[in-house]
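Novice: Counting from 0, one number per residue, gives the positions in the sequence shown under the numbering used here. Ideal Cβ placement from N, Cα and C applies to all residues, glycine included. Pasting a structure here, questions to come.
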Amino acid sequence: MIQVYIVEDHKIVIEGIVSLLQNEKGVKLCGYSTTAKDCLQFFQSHTADVILMDINLPDMNGIDLCREIKKLYPGIIGAVRIVWQ
């Protein structure tokens with residue numbers, strides 16, 4: 000089972016991604032956050048295989064957050080950046 004975590008500051012986007020993922024076999028949403036701070040706090044006591052992440056977060060650049068997560072938690076398969084224009 001692939002565990003997915005979402006970091007996105009727009010709740011409607013989170014709802015859309017959740018809607019897409021809930022019907023996928025072998026994929027489980029393990030959580031989401033709307034800020035980088037909440038994301039980092041989540042990973043202090045939880046884990047995920049994949050992170051779907053917005054680049055434009057209110058409290059930190061998503062690219063910098065990806066680097067921080069990979070440094071602190073190298074076991075995560077990957078961090079994917081979501082870009083909405």
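Are there 16 or more other CB atoms within 10 angstroms of the CB of Ile11, so buried, or fewer, so exposed?
Specialist: Classification of Ile11: exposed, given that the 10 Å Cβ count is below 16.
Novice: Assuming Ser18 is part of the alpha helix (DSSP H), what are its boundary residues?
Specialist: Segment Lys10 to Leu20, the alpha helix (DSSP H) holding Ser18.
Novice: Here's the rule I'm using: 16 or more other beta-carbon atoms within 10 Å means buried, otherwise exposed. How should Glu23 be labelled?
Specialist: Exposed.
Novice: Report all residues from its chain with a CB closer than 6 Å to the CB of Asp48; omit the five preceding and five following residues, and keep chain order.
Specialist: Counting only Cβ-Cβ distances below 6 Å, and skipping sequence neighbours, we find Ile1, Gln2 and Ile76.
Novice: Using a 10 Å radius around the Cβ and a threshold of 16 neighbouring Cβ atoms, would you call Glu7 buried or exposed?
Specialist: Its Cβ being crowded by 16 or more others within 10 Å, Glu7 is buried.
Novice: Could you work out which residue in Gly61, Gln43, Pro57 and His45 is closest to Leu51 when comparing CA atoms only?
Specialist: Comparing Cα-Cα distances from Leu51 to each of Gly61, Gln43, Pro57 and His45, the minimum goes to Gly61.
Novice: Using three-state DSSP, classify Leu56 as helix, strand or coil.
Specialist: Note: Leu56 maps to coil in three-state DSSP.
Novice: One question on the structure: do Tyr31 and Ile68 come within less than 8 Å of each other, judged by their Cβ atoms?
Specialist: In this structure, Ile68 does not lie closer than 8 Å to Tyr31 by Cβ.
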